[in-house]
């Protein structure tokens, strides 16, 4: 019986502790408007920078070389009308599948709108203006520059 | 416990654990990417109670490995699952040996260390800081799911006499 009591005390303590951490994290992390967002393929160098201030897209040459080298294609990434289309890692019928990212310059947010992956978790993450968007099956990551500053606090 | 009974029990628990993992991978109960309840961990706890530490570690390795072989998705998530499962199994075994907490407490800590192990391996294999964003919610959710797992295992053990004496 004593053991049961200890179990529940432990349970309560842990829930309270991690609940408070979660709450603080939700309140303080990822606030503030990002100056730009970075689209990564893999984790080394970013491929595209979305500059919200100047409202333009900058393609990172080094990232592009690596990207083209991997997929052996010249037709991606496509940037058109605030939609970024690129190929992802996930294969269906032996073909790499497209990933579509919608950019909202006014809200300074990105959202993965179309992708192929087992559970479509990438697109279910919704819109973000600070929280990183992670798409593991496609090896695509999106970070916002506001993130780093906030996490170091 | 007779040798044949032991062997059969072990094999059955392993089979159930793998099936649970595969079913859970298909249904998203928790609205966080790649988060699961970890029901397969019920089986790990049962093995821990019925067998020794060697069997438990072997069981853990086998269940993660076989589940991933069957799902056909060996990737960074496999390394993460393995890291989490092994770390939590080791911690649970230690706690079981110390005998300070009951199965529920052991399961809750095991679930938490599973998240820790996953995160550590994840940071290593994915090499991405994005994972940090998920840590608070992962850690928090691991507590109720650990409770559920421990409670179910506790109930199961008290209802059968299979686990009386190994």
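Protein chains in written order, with this note's numbering: chain A, 1139 to 1291; chain B, 290 to 455. Where is the CB? At the ideal position from N, CA and C, for every residue including glycine.
Quick one: residues in its chain with C-beta nearer than 6 Å to the C-beta of residue 357 of chain B, no 5 flanking neighbours on either side, listed in chain order?
Taking the second chain and counting its residues from 1, one reaches residue 357 of chain B at position 68. 363, 367, listed in sequence order.
Can you tell which of B/452, B/324, B/330, B/296 has its C-alpha closest to the C-alpha of residue 1257 of chain A?
Locating residue 1257 of chain A in the first chain gives position 119, where the first residue counts as 1. Nearest option by C-alpha distance: B/324.
Using the beta-carbon of each residue, which ones in chain A are nearer than 8 Å to residue 366 of chain B?
The sequence position of residue 366 of chain B within the second chain is 77, counting from 1. Under the 8 Å cutoff, chain A gives 1274.
Tell me, please, whether the CB atom of residue 1148 of chain A is closer than 8 Å to any CB atom in chain B?
Here residue 1148 of chain A refers to the residue found at position 10 when the first chain is read from its first residue. Closer than 8 Å: yes.
Please compile the residues from chain B whose C-beta is within a distance smaller than 8 Å of the C-beta of residue 1142 of chain A.
In the first chain, the residue the question calls residue 1142 of chain A occupies position 4. Correct list: 391, 393.
Amino acids of chain A, ordered along the chain, whose beta-carbon sits closer than 9 Å to that of residue 437 of chain B
Mapped onto the second chain, residue 437 of chain B falls at position 148. The premise fails here: residue 437 of chain B is roughly 11 Å from chain A at the closest Cβ pair, so nothing lies under 9 Å.
Please decide whether residue 1269 of chain A counts as near chain B, where near means a Cβ-Cβ distance under 8 Å.
In the first chain, the residue the question calls residue 1269 of chain A occupies position 131. Yes, because at least one Cβ of chain B sits closer than 8 Å to the Cβ of residue 1269 of chain A.
Measure the alpha-carbon distance for residue 1268 of chain A versus residue 1145 of chain A and round it to whole angstroms.
As a working note, residue 1268 of chain A is residue 130 in the first chain. As a working note, residue 1145 of chain A is residue 7 in the first chain. So the alpha carbons of these two residues sit roughly 38 Å apart.
For the putative contact between residue 377 of chain B and residue 406 of chain B, defined by C-beta atoms under 8 Å, what is the C-beta separation to the nearest angstrom?
Locating residue 377 of chain B in the second chain gives position 88, where the first residue counts as 1. Locating residue 406 of chain B in the second chain gives position 117, where the first residue counts as 1. Yes, they are in contact, since the Cβ atoms of residue 377 of chain B and residue 406 of chain B sit about 6 Å apart, within 8 Å.
Once you ignore the five residues that flank residue 1289 of chain A on each side, which residues in its own chain have a CB closer than 6 Å to its CB?
Reading the first chain from its first residue, position 151 is the one you call residue 1289 of chain A. With a pLDDT of 41 at residue 1289 of chain A, under the threshold of 50, the modelled position of that residue is not reliable, and the figure given next carries that caveat. There are no such residues.
Residues of chain B with CB under 7 Å from residue 1157 of chain A, in chain order?
Here residue 1157 of chain A is taken as the residue at index 19 of the first chain, counted from 1. By Cβ distance, chain B contributes 429.
Could you please give the first and the last residue of the uninterrupted alpha helix (DSSP H) stretch that includes residue 1126 of chain A?
With chain A represented from 1139 up to 1291, any question about residue 1126 of chain A goes unanswered, as that position is not in the structure.
By the criterion of Cβ-Cβ separation under 7 Å, what are the contact partners of residue 1278 of chain A in chain B?
Position 140 of the first chain, counted from the first residue, corresponds to residue 1278 of chain A. Chain B residues near residue 1278 of chain A: none, gap ~11 Å exceeds 7 Å.
Partners in chain A for residue 432 of chain B, counting only beta-carbon separations shorter than 8 Å:
For the purposes of this step, residue 432 of chain B is taken as the residue at position 143 of the second chain. The answer, in chain order, is 1149, 1152, 1153, 1156.
If you measure from the beta carbon of residue 426 of chain B to each beta carbon in chain A, is any gap under 8 Å?
As a first step, residue 426 of chain B is located in the second chain; it is residue number 137 there, counting from the start. So, interface residue.
I'd like the list of long-range same chain contacts for residue 1162 of chain A, defined as Cβ closer than 7 Å, with 5 residues on each side in sequence excluded.
Within the first chain, residue 1162 of chain A is the residue found at index 24, counting from 1. Taking C-beta separations shorter than 7 Å and ignoring five residues to either side along the sequence, residue 1162 of chain A has no partners in its chain.
Please go through the same chain and pick out, in chain order, the residues whose beta-carbon is closer than 6 Å to the beta-carbon of residue 330 of chain B, but skip the five residues on each side of it.
Here residue 330 of chain B refers to the residue found at position 41 of the second chain. Hits under 6 Å: 438.
Other residues of its chain near residue 1264 of chain A: CB distance less than 7 Å, five sequence neighbours each side excluded:
On the first chain, position 126 is the one that residue 1264 of chain A refers to. Closer than 7 Å at the Cβ level, and outside the excluded window around residue 1264 of chain A, lie 1249.
Quick check on DSSP: helix, strand or coil for residue 1245 of chain A?
Against the first chain, residue 1245 of chain A aligns to sequence position 107. Reduced to three states, the DSSP call for residue 1245 of chain A is coil.
Against chain A, with Cβ distances strictly below 8 Å, would residue 422 of chain B count as a contact?
Within the second chain, the letter at position 133 stands for residue 422 of chain B. Residue 422 of chain B counts as touching chain A.
Would you tell me roughly how many angstroms separate the C-alpha atoms of residue 349 of chain B and residue 338 of chain B, rounded to the nearest one?
Here the question's residue 349 of chain B lines up with position 60 in the second chain. Here the question's residue 338 of chain B lines up with position 49 in the second chain. Their backbone Cα atoms lie some 14 Å apart in a straight line.
Please confirm whether residue 246 of chain B and residue 424 of chain B have their CB atoms less than 8 Å apart.
Outside the shown range of chain B (290 to 455) lies residue 246 of chain B, about which nothing can therefore be said.
Thinking C-beta only, is residue 391 of chain B closer than 8 Å to residue 435 of chain B?
Start at 1 with the first residue of the second chain, and residue 435 of chain B comes out as number 146. Start at 1 with the first residue of the second chain, and residue 391 of chain B comes out as number 102. Not a contact, by the Cβ cut-off of 8 Å.
If you check the beta carbons only, do residue 432 of chain B and residue 1271 of chain A fall under 8 Å apart?
Locating residue 432 of chain B in the second chain gives position 143, where the first residue counts as 1. Locating residue 1271 of chain A in the first chain gives position 133, where the first residue counts as 1. No, they are not a contact pair.
Can you list, in chain order, the residues of its chain whose CB lies under 7 Å from that of residue 365 of chain B, leaving out five sequence neighbours each side?
Reading the second chain from its first residue, position 76 is the one you call residue 365 of chain B. These residues qualify, in order along the chain: 414, 415.
Would you verify that the beta carbon of residue 397 of chain B is, or is not, closer than 8 Å to some beta carbon of chain A?
For the purposes of this step, residue 397 of chain B is taken as residue 108 along the second chain, with counting starting at 1. Closer than 8 Å: yes.
What does the alpha-carbon distance come out to for the pair residue 1157 of chain A and residue 307 of chain B?
As a first step, residue 1157 of chain A must be located in the first chain, where it is residue number 19. As a first step, residue 307 of chain B must be located in the second chain, where it is residue number 18. Going by the C-alpha atoms only, they are around 31 Å apart.
Residue 316 of chain B, DSSP secondary structure in three states
Position 27 of the second chain holds residue 316 of chain B. It is coil, neither helix nor strand.
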